[in-house]
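Q: Position 81 of the sequence shown, counted from 1, bears residue number 84 in the working numbering, the numbering being contiguous throughout. Idealized CB from N, CA, C, for every residue including glycine. For reference, the structure I am asking about is given below.
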Amino acid sequence: IFLIITLVKKIFPGSSGSGNQKNRDRNAIIKYANKRLEQNPKDSQAISDLANLYYSEEMYDKSLHLLKLLLDQTSSNSSLNEFDIVYKYAVSAMKTGKTDEAYKYFAYARSINKDVFEINYNLGVIEFDRKSYEKAFSLFSAARQLLPDHTATIQYMGKILFHMGRFKDAVTYLKKSFELSPGDKEILYILGESYNESGQSENAYKIFQHLRPDPQYGPASCLETGKINMKKRNYAKAIEDFEIGLRHKEIAPNIRLELLY
């Protein structure tokens with residue numbers, strides 16, 4: 004039995020006791036840090052140890068509070084890594100829904116080092132949500148220079164160009180993002196709209212026809228294929244498109260109205 008246990012430990016060195024060891028290490032960090040804080044509530048090393056522990060565990064509400072304590076010490080304590088603290092504080096703020104606070108400190112972190120993908124990306128997301136499309140596009144462009152094939156970055160850039168009415172430019176980014184994430188129906192639908200708006204109705208028709216059975220994008224796609232057929236005077240096909248659209252169980256009121264009309 005001893006030989007079997009020894010052999011298992013050699014083959015799977017992390018299979019026995021790794022979880023318990025991790026818990027012991029975690030408890031030791033918390034115990035030691037709390038002991039130091041009892042003696043000195045401003046002990047930056049103890050606060051930093053706890054903040055990094057909670058940040059790594061994605062307990063962002065706790066890391067946010069502790070990192071704020073460290074931020075207050077950065078001006079008087081040169082041993083603290085200001086950039087690391089500012090960045091982690093911004094992430095913690097964003098993860099806990101404090102968007103304005105996150106933006107403020109991501110921007111501050113970017114003033115220290117602008118060549119960090121996550122900073123440019125997260126600032127881009129916030130600007131996109133604020134509908135500040137030009138600023139968002141600039142930030143995502145900076146992010147893409149650092150990580151060229153990041154799918155979400157390319158998706159955002161395509162969506163931004165679409166919202167800005169730059170449909171031909173949007174096609175390039177949306178095609179690329181769909182190649183990287185071929186199951187994304189939202190991107191495919193927006194690509195179809197971009198084709199349609201830029202005068203490439205045949206490409207748009209193929210996409211909308213493919214999406215007609217989709218529960219989410221089907222009704223709108225049926226409406227678009229019907230409109231394209233109407234322009235071509237293919238009235239029988241257009242009626243068929245509209246009827247298929249109306250068979251869907253869930254249809255937005257405005258789409259239903261247009262299909263009936």
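If the criterion is Cβ atoms closer than 8 Å, does the pair L83 and A54 meet it?
A: The residue you call residue 83 lines up with position 80 of the sequence shown. The residue you call residue 54 lines up with position 51 of the sequence shown. No.
Q: According to DSSP, simplified to helix, strand and coil, what is L150?
A: For the purposes of this step, residue 150 is taken as residue 147 along the sequence shown, with counting starting at 1. DSSP places L150 in coil when its eight states are reduced to three.
Q: List the whole-angstrom C-beta distance separating Y92 from I122, where the pair is believed to meet the contact cut-off of C-beta under 8 Å.
A: Translated into the one-based positions of the sequence shown, residue 92 becomes position 89. Translated into the one-based positions of the sequence shown, residue 122 becomes position 119. So it is not a contact: roughly 12 Å between Cβ atoms.
Q: By Cβ distance below 6 Å, which residues in the same chain neighbour G186 in space, the five residues on each side in sequence not counted?
A: To locate residue 186, count along the sequence shown from 1; it is residue 183. Taken in chain order, the list of residues that qualify is empty.
Q: Looking at the structure shown, is E85 part of a helix, part of a strand, or coil, going by DSSP?
A: Position 82 of the sequence shown, counted from the start, is the residue given in the question as residue 85. Helix, per DSSP.
Q: According to the neighbour-count rule (16 or more other Cβ atoms, all chains shown, within 10 Å of its Cβ), is R250 buried or exposed?
A: Position 247 of the sequence shown, counted from the start, is the residue given in the question as residue 250. With fewer than 16 other Cβ atoms within 10 Å, it is exposed.
Q: By the DSSP assignment, the alpha helix (DSSP H) with T175 in it spans what residues?
A: The residue you call residue 175 lines up with position 172 of the sequence shown. T175 -> alpha helix (DSSP H) spans 170-183.
Q: Write down every uninterrupted run of the alpha helix (DSSP H) in the stretch 202-255 whose length is 4 residues or greater and which is fully enclosed by it, in chain order.
A: Within the stretch 202-255, the complete alpha helix (DSSP H) runs of at least 4 residues are 204-214, 221-234, 238-249.
Q: Give the DSSP-derived three-state secondary structure of D187 in the structure shown.
A: Reading the sequence shown from its first residue, position 184 is the one you call residue 187. Coil.
Q: What is the DSSP secondary structure of T265, counted as helix, strand or coil?
A: Absent from the structure is residue 265, since the part of the chain shown begins at 4 and ends at 264.
Q: Whole angstroms are fine: how far does the CA of Y124 sit from the CA of A145?
A: Position 142 of the sequence shown, counted from the first residue, corresponds to residue 145. Position 121 of the sequence shown, counted from the first residue, corresponds to residue 124. Answer to the nearest angstrom: the Cα atoms are 8 Å apart.
Q: I need the straight-line Cα distance from L70 to S114, nearest angstrom please.
A: For the purposes of this step, residue 70 is taken as residue 67 along the sequence shown, with counting starting at 1. For the purposes of this step, residue 114 is taken as residue 111 along the sequence shown, with counting starting at 1. Near 19 Å, if we compare the C-alpha coordinates of S114 and L70.
Q: Specify the secondary structure class of M97 as computed by DSSP and reduced to three states.
A: Indexing the sequence shown from 1 puts residue 97 at position 94. Correct three-state label for M97: helix.
Q: Assuming G161 and S180 make a contact with CB atoms under 8 Å, what is their CB distance in whole Å?
A: Here residue 161 refers to the residue found at position 158 when the sequence shown is read from its first residue. Here residue 180 refers to the residue found at position 177 when the sequence shown is read from its first residue. Right, their Cβ atoms sit about 6 Å apart.
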